[in-house]
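For the record, in the sequence shown the residue sitting at position 24 is 37 according to my numbering, with numbers rising by one throughout.
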Amino acid sequence: MPNNPAQLVADAVDRCLTLAETWLAWDGRPIVTDGANLWTPAKAARRIQDHLVDHLAEVEALLAGAAPLPDAWHGRTVTLDSDWSRFAELDLSEARSRWTRLGASYVHRYSAAGPEAWDLPRDPNWTLRLIAEHVAGITWYAEQVGVLRFGESASIR
Numbered sequence: 014m015p016n017n018p019a020q021l022v023a024d025a026v027d028r029c030l031t032l033a034e035t036w037l038a039w040d041g042r043p044i045v046t047d048g049a050n051l052w053t054p055a056k057a058a059r060r061i062q063d064h065l066v067d068h069l070a071e072v073e074a075l076l077a078g079a080a081p082l083p084d085a086w087h088g089r090t091v092t093l094d095s096d097w098s099r100f101a102e103l104d105l106s107e108a109r110s111r112w113t114r115l116g117a118s119y120v121h122r123y124s125a126a127g128p129e130a131w132d133l134p135r136d137p138n139w140t141l142r143l144i145a146e147h148v149a150g151i152t153w154y155a156e157q158v159g160v161l162r163f164g165e166s167a168s169i170r
């Protein structure tokens, strides 16, 4: 089978997990990017997961011939109380399990749909290929927290 565009999503999950492995070193201070965006490891993890779930649901709806449900996430514009939680070993373990399964779900779903479905116009929505390319951008969320090391402050990027 030709290169499955959803492999980009699975690869992005791997990159996010590589960064998340360092988040155990988070010192509890917010990381500010672009002068205004506030990040914590838990917030980045939430956004990665929300993005994976949201667009997988979109793909499923499009393949079923249904209109995708509108996106009601608040996204990065808000920081929830839960975003201030520590990111501990079990959080990393949970992320590994969830994100890896979600990434694999994209690959399996795209494989089942077949190459003929990947570039089929789905106006007003994106093609499946464009959705996969967009979702692969989840690494942006992980990069906002970046690589953390014990004893180093990463409060401003």
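Backbone N, C-alpha and C fix where the C-beta goes; we use that ideal spot for every residue, glycine too.
- When the beta-carbon positions are compared, Leu115 and Leu65 come within less than 7 Å of each other.
- Under the DSSP definition of a beta bridge, Arg135 partners with Asn138.
- Straight across, the Cα-Cα distance linking Ser124 with Gln62 is about 22 Å.
- For Ile44, no alpha helix (DSSP H) run applies; the uninterrupted beta strand (DSSP E) run containing it begins and ends at 44 to 46, by DSSP.
- Buried is the label assigned to His68, since at least 16 other Cβ atoms lie within 10 Å of its Cβ.
- The Cβ atoms of Ala145 and Ala57 lie no closer than 7 Å to each other.
- Unbroken beta strand (DSSP E) runs of no fewer than 3 residues, entirely contained in the region 44 to 82, are found at 44 to 46, 50 to 52, following chain order.
- With respect to the C-alpha of Ala149, the residue from Val120, Ala79, Ala101 having the closest C-alpha is Val120.
- Residue nearest to Ser106 within the set Pro15, Leu21, Asn17, Cys29 is Cys29 (criterion: CA-CA distance).
- Around the beta carbon of Glu73, fewer than 16 other beta carbons sit within 10 angstroms, so the residue counts as exposed.
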